[in-house]
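Single-structure report; data block below.
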Amino acid sequence: MKTRINKKIPETKGPVPTQKELPPKVTMDVHHVILVLSGKGGVGKSTVSTNLASALAGHGRQVGLLDLDIHGPSIPTMLGIENHHPTVFGRTIEPVRVTGNLAVMSMGFLLPDASSPVIWRGPMKMAAIRQFLEDVNWGALDYLIVDLPPGTGDEALTIAQLAPGVKGAVIVTTPQDVAVIDAKKAVKFIEKLGLPVIGIIENMSGMVCPHCGGTIDLFGRGGGEKAAADLHVPYLGAIPIDPAMVKAGDEGRPYVLRHADTPAWKAFGAIMENLEKRVES
1 MKTRINKKIP ETKGPVPTQK ELPPKVTMDV HHVILVLSGK GGVGKSTVST NLASALAGHG
61 RQVGLLDLDI HGPSIPTMLG IENHHPTVFG RTIEPVRVTG NLAVMSMGFL LPDASSPVIW
121 RGPMKMAAIR QFLEDVNWGA LDYLIVDLPP GTGDEALTIA QLAPGVKGAV IVTTPQDVAV
181 IDAKKAVKFI EKLGLPVIGI IENMSGMVCP HCGGTIDLFG RGGGEKAAAD LHVPYLGAIP
241 IDPAMVKAGD EGRPYVLRHA DTPAWKAFGA IMENLEKRVE S
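If you count by our numbering, then the sequence shown holds residues 1 to 281, one letter each, in order.
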């Protein structure tokens, strides 16, 4: 006997009603909170977050980098600080400082080892996010870059409600159709939250041949730009593939600080400038 499921998934209309479900905003001294998210995993979102935060700090900004990928934190490894631990004074948590003007907080600092899973439901994640915002001594920040897990779950909803000064979200995608479809979902999700979409970044957008200088489109090209045009949101730019970027992440050395004048380095610089113009104007 076959059972037919006739119920349809209800369509969400208007902004997501978070105000009655979540606590009020915390108090922080931060000018611009930028959410970085993607519709799916594997598009290089954390790589973009790490290098964007490093680039801003390299230009003299006071930057905080908050890793909210609670179930799969990778920021500490990408910055080479996975063996560091925050210092606690009473209820105040001192973030791990990569430089004098780049502070980092991540669930990865609190786990026994990198292979330890975090098995938490929504309320526990919400409490942790509040603590990362409220109890961490971030100091005065120009930017707080928030690296969110893939998809549209509790972490994004919670940070949008709790963090003050959220200027909007950056959506990271790759050129493939499946990634672009999920990026469009992420854009609509952010709009449902009532937040601006600062722009779309197309990562892994071709690779510059080291021999001839031509561009090899391994995963296609232009999907992120087309998605931005279709959804009428800004396009921040494309980042080409560079094998050195993968190596830099594995070795814990931010790519933008060690590979000047490469196509990907220039792309990050242009994206950083576009971001600053959009949030500071």
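Note that CB positions come from ideal geometry on N, CA and C, so glycine has one too.
C-alpha gap between residue i and residue j, whole angstroms
i: Val26; j: Leu52; result: 25 Å
i: Pro149; j: Gly41; result: 8 Å
i: Val118; j: Gly168; result: 27 Å
i: Arg97; j: Asp147; result: 17 Å
i: Gly222; j: Leu65; result: 29 Å
i: Glu280; j: Leu236; result: 15 Å
i: Ser49; j: Phe109; result: 18 Å
i: Gly269; j: Ala55; result: 7 Å
i: Thr215; j: Asp242; result: 12 Å
i: Leu35; j: Ile75; result: 15 Å
i: Ala140; j: Gln62; result: 7 Å
i: Arg278; j: Thr99; result: 26 Å
i: His211; j: Lys188; result: 41 Å
i: Ile271; j: Asn83; result: 30 Å
i: Met28; j: His232; result: 32 Å
i: Glu202; j: Gly90; result: 43 Å
i: Val170; j: Lys45; result: 10 Å
i: Thr286; j: Val30; result: There is simply no residue 286 to check, as the chain begins at 1 and stops at 281 in what is shown.
Residue range of the alpha helix (DSSP H) that includes residue i
i: Glu191; result: Asp177 to Lys192
i: Met126; result: Gly122 to Glu134
i: Glu280; result: Pro263 to Glu280
Exposed unless 16 or more other CB atoms sit within 10 angstroms - verdict on residue i
i: Met107; result: buried
i: Lys125; result: buried
i: Ala264; result: buried
i: Ala229; result: exposed
i: Glu155; result: buried
i: Gly122; result: exposed
i: Ala260; result: exposed
i: Val172; result: buried
i: Gly60; result: exposed
i: Asp69; result: buried
i: Ser116; result: exposed
i: His32; result: buried
From the options, residue whose alpha carbon lies closest to that of residue i
i: Leu195; options: Gln161, Lys226, Lys184 and Gly224; result: Gln161
i: Pro240; options: Phe132, Ile70, Ala57 and Pro175; result: Pro175
i: Lys192; options: Glu82, Thr152 and Cys209; result: Thr152
i: Ala179; options: Ile93, Gly39, Pro73 and Gly60; result: Gly39
i: Asp67; options: Val187, Ile81 and His59; result: Ile81
i: Thr47; options: Val33, His59 and Pro73; result: Pro73
i: Ile200; options: Ile190, Met207 and Gly206; result: Ile190
i: Val43; options: Cys212, Ala183 and Phe89; result: Ala183
i: Asp250; options: Thr77, Lys266 and Val33; result: Thr77
i: Ala163; options: Ala128, Lys185, Ile181 and Leu79; result: Ala128
i: Ser205; options: Lys226, Gly252, Pro254 and Pro24; result: Lys226
i: Ala238; options: Glu94, Lys266, Leu157 and Thr158; result: Lys266
Residue i: first and last residue of the uninterrupted beta strand (DSSP E) it sits in
i: Thr87; result: Thr87 to Phe89
i: Glu202; result: Val197 to Val208
i: Lys167; result: Val166 to Thr173
i: Leu236; result: Tyr235 to Ile241
i: Thr92; result: Thr92 to Glu94
i: Met105; result: Leu102 to Ser106
i: Ile159; result: Run containing Ile159: none in the beta strand (DSSP E); it sits in the alpha helix (DSSP H), Asp154 to Leu162.
i: Val33; result: Val30 to Leu37
Chain B contact for residue i (CB, 8 Å cutoff)
i: Glu202; result: Among the protein chains of the structure shown there is no chain B, as only one such chain exists.
Item to complete: Determine, using beta-carbon pairs with one atom in the segment 133-143 and one in the segment 88-107, whether at least three such pairs fall under 8 Å.
Response: The segment 133-143, when compared against the segment 88-107, does touch it at the 8 Å Cβ threshold.
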